[in-house]
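Here the structure is laid out as structure tokens; the discussion comes afterwards.
There are 2 protein chains.
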Amino acid sequence: MGGDFGPRFIVPASISCLAESPSLHVVLVGQTALLEEIIARHPGVDRSRLHIKHAGEVVGTNERPSQALRGKPDSSMRVALELVRDGYAQACVSAGNTGALMALSRHLLKTLPGIDRPAMVTAIPTRTGSCHLLDLGANVDCSAEQLYQFAVMGVVAAEALGTPHPRVALLNIGTEEIKGNQQVKLAASLLQKGEGLNFIGYVEGDGLYRGEADVVVCDGFVGNILLKSSEGLVSLVSSRLEALFRSGVTSRLVGVLALPLLRRLQAELAPARHNGASFLGLQGIVVKSHGSAGQEGFQSAIRRAVVEVRENLPRRLHGRLEDLLL
Amino acid sequence: MGGDFGPRFIVPASISCLAESPSLHVVLVGQTALLEEIIARHPGVDRSRLHIKHAGEVVGTNERPSQALRGKPDSSMRVALELVRDGYAQACVSAGNTGALMALSRHLLKTLPGIDRPAMVTAIPTRTGSCHLLDLGANVDCSAEQLYQFAVMGVVAAEALGTPHPRVALLNIGTEEIKGNQQVKLAASLLQKGEGLNFIGYVEGDGLYRGEADVVVCDGFVGNILLKSSEGLVSLVSSRLEALFRSGVTSRLVGVLALPLLRRLQAELAPARHNGASFLGLQGIVVKSHGSAGQEGFQSAIRRAVVEVRENLPRRLHGRLEDLLL
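Shown next as structure tokens:
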């Protein structure tokens, strides 16, 4: 029921994913009558793989996590996570309130042994491919130990998603040893000791986009600012380019040809909007789709959840954490 | 003598600025023989306004600030700042080692009363114009009081540079009151009490580029990551667009027409590289040109210094700080 568009996009996204993955089952959690009404607009849906679980309440976009936790026992978000907790579903995908989803996920699914708090991760594009950036905002202040945990989790996620022996780096304001705050410096010394980790040291904001690392670790404050400012910058660049292309006769001609390319690039460069972010460190799989994601974005989030189920990401994490955590 | 290109770009940049500003005098500080040699390549220079002050040493790019402070009494950076301290020059512009320049500036020029540490500020482009972002990396960990001081300094600088009654905001990971770390929340409550400040609350990474505020305040860790990642992203976008434009026949045609537009945009969107950053909160004017700035970039930095001298920015700051500091 969550996100800016709710079931209007989530239902068709689910139906499309069912068509592309013959072994996928989707349980839509929310107000049955509304969900049935939207499903009815899509003839030929395989209802043997599309289920509905009724939930009468909805967590609001601006609700505090504590409200979602204590009130609303019948919210769609809580009911969906309970399906994961109880083994009826292998993953939960939501476009709803991020803070509430994190709080409910921790409460209902619990974190893996050794993990203090889960982190949010997404893959962002770089010159050479992509890079897994975490944390994206779940943890405002982070200790060196937490940054270390994020690094380990990011490495395992990157491996599961197809990058063998990923290079992991700490995001910092310089690459020399003396740069950065205490937490970052301490995390660096922990990572240097982490056996089997391909720790390459510090990476700066520009190095991240140059593709210097496969996993980049920072606290949630920095990660969130980086991700959102990047999103804002891409849409600024697009609007400037569109304006340039519309400003003269030649430019206008160029624009007609260039605008579709721009749109494609914009989608690729707004990865959170496009692909959603995974919660890492839980005893279960939760993918957060961007609140303003359209149908295509929500489909990407479902696909990400499918990959994580196939790779059994929580179990892989659990195994590596046992070896690597301090 | 500093920066990736040293006097090779700094000398011609200075000569161009002399041509555009008839009242400007430039003192080149560095190795006389080398400087004379480069000047000699430019016939017709008005030597009555282009002076040389010899300095035998150079601060290296990777030198620690403490080395620049304690060793090298005859470095070009130190000698240039001494000229400002002793009233022979009204501003210092350098493309050298940022940390060393900050340490020497604080040591030689001192901070204004009430200012703990200077901040670095630059104007970055937004959808609606531009926005003054500070701190950009001079202060890694910042107290709420420092963030408050940065806000006041940013407002005065924005006013001096032509924005009356600027809207000032704190960079945060949400716009609700409960969001953010302790320093940011506390700084917000200080700013709410600051009389005559047009404090509009929190702004997020995307809101910054949407132009929601004229002055955006954050600690130097966050500001540096934001600036450098933005720089990296713009060059990623440019290279992707170039690749797209080169990939097919139609696209290639588009590319020939679009690439010059792209280059212009790239320069505009890499403001630090292009315009340099000011040190605010010193008893003197210091502008840091980007280490990799070309001639055009160094000229922009000189122009910025000229405006700050004309507006007497340190005195304006001093006046407002007396009213507003706690």
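If you read the protein sequences in the order shown, they are chains A and B. Residue 284 in the working numbering sits at position 284 of the first sequence; the count goes up by one each step and never skips. So the number in the working numbering is just where the residue sits in the second sequence, counting from 1, plus 1000. For each residue, glycine too, the CB sits at the ideal point set by N, CA and C.
Asked	Found
Quick one: which unbroken alpha helix (DSSP H) runs of 4-plus residues sit fully inside the region 1165-1209 of chain B? Chain order, please.	1182-1193
If you follow the beta strand (DSSP E) that His1318 of chain B is part of, which residue opens it and which one closes it?	From DSSP, His1318 of chain B is part of no beta strand (DSSP E) but of the alpha helix (DSSP H) over 1313-1324.
Taking its Cβ as the centre, do 16 or more other Cβ atoms sit within 10 Å of Lys228 of chain A, making it buried, or is it exposed?	buried
Report yes if the C-beta distance between Pro125 of chain A and Ser105 of chain A is below 8 Å; otherwise report no.	no
Does any C-beta atom of chain B lie closer than 8 Å to the C-beta of Ile200 of chain A?	no
Could you give the DSSP three-state label for Pro337 of chain A: helix, strand or coil?	Past the boundaries of the shown model lies residue 337 of chain A; chain A is included only from 1 to 326, so the question cannot be answered.
Pro1012 of chain B: which of B:Lys1110, B:Gln1146, B:Arg1041, B:Gln1090 sits nearest, CA to CA?	B:Arg1041
Beta-carbon of Thr126 of chain A versus every beta-carbon of chain B: anything under 8 Å?	yes
Going along chain A, which residues have a C-beta under 9 Å from Phe1279 of chain B?	Going along chain A, no residue has its Cβ under 9 Å from Phe1279 of chain B, so there is no contact; the nearest lies around 16 Å.
Determine the closest residue to Glu1268 of chain B out of B:Val1140, B:Gly1281, B:Glu1296, B:Glu1159, with distance taken between C-alpha atoms.	B:Glu1296
Answer yes or no: do Ser75 of chain A and Ala55 of chain A have a C-beta to C-beta separation smaller than 8 Å?	yes
With a CB to CB cut of under 8 Å and the five nearest residues on each side skipped, what residues in its chain are close to Gly220 of chain A?	Ala119, Met120, Asp135, Leu136, Gly137, Ala138, Asn139, Val140, Cys142
At 3 residues or longer, and completely inside the region 1052-1110 of chain B: list those beta strand (DSSP E) runs for me, N to C.	1091-1094
With 16 other CB atoms within 10 Å as the buried threshold, where does Glu1212 of chain B fall?	buried
Of all the CB atoms in chain E, is at least one closer than 8 Å to the CB of Glu20 of chain A?	In summary, chain E is missing from the structure at hand, where the protein chains are A and B.
For Ser1289 of chain B, which of helix, strand or coil comes out of DSSP?	coil
With a 10 Å radius around its C-beta and 16 neighbouring C-beta atoms as the bar for buried, classify Thr128 of chain A as buried or exposed.	exposed
Using a Cβ-Cβ cut-off of 8 Å, state whether Val1059 of chain B counts as contacting chain A.	no
At a cut of 8 Å, does the region 1274-1293 of chain B reach the region 1151-1160 of chain B through at least three beta carbon pairs?	yes
Whose Cβ in chain A lies nearer than 7 Å to the Cβ of Lys1228 of chain B?	Glu204, Gly205, Asp206
When the Cα atoms are used, what is the spatial distance from Glu37 of chain A to Val45 of chain A?	13 Å
Thinking C-alpha only, which one of A:Asn198, A:Met77, A:Ala160, A:Asp214 is nearest Leu313 of chain A?	A:Ala160
Thinking just about the alpha-carbon of each residue, which of A:Leu317, A:Gly99, A:Leu324, A:Ala305 is nearest to the one in Ala89 of chain A?	A:Ala305
Below 8 Å, how does it come out for the region 1227-1242 of chain B and the region 1198-1206 of chain B: are there three or more Cβ pairs, yes or no?	no
Check the C-beta distance from Ala80 of chain A over to Val29 of chain A and give it rounded, since I have them as a contact under 8 Å.	4 Å
Using Cβ-Cβ distances below 9 Å, what residues of the region 1161-1175 of chain B are close to chain A?	Leu1171, Asn1172, Ile1173, Gly1174
Run through chain B and tell me which residues come within less than 8 Å of Arg64 of chain A, C-beta to C-beta.	Ile1178
Out of curiosity, what's the CA-to-CA distance linking Asn97 of chain A and Ala68 of chain A?	9 Å
Using a Cβ-Cβ distance cut-off of 8 Å, determine whether Gly129 of chain A contacts chain B.	no
Quick one: what's got a C-beta closer than 6 Å to Arg1320 of chain B's C-beta in the same chain, skipping five residues either side?	Val1156
In whole angstroms, what separates the C-alpha of Glu20 of chain A from that of Ala301 of chain A?	14 Å
On a Cα-Cα basis, can you pick out the residue from B:Val1093, B:Glu1145, B:Gly1196 that is closest to Val1309 of chain B?	B:Val1093
Answer with buried or exposed for Gln1172 of chain B, where buried requires no fewer than 16 other C-beta atoms within 10 angstroms of its C-beta.	First, the amino acid is wrong: residue 1172 of chain B is Asn here, not Gln. Counting Cβ neighbours within 10 Å, Asn1172 of chain B comes out buried, since at least 16 surround it.
Name, in chain order, the residues that DSSP records as bridge partners for Pro125 of chain A.	A:Ser130
Could you name the residues of chain B that Val215 of chain A contacts, counting a contact when the two beta carbons are closer than 9 Å?	Near Val215 of chain A there are no residues of chain B at all, since even the closest Cβ is about 16 Å away, more than 9 Å.
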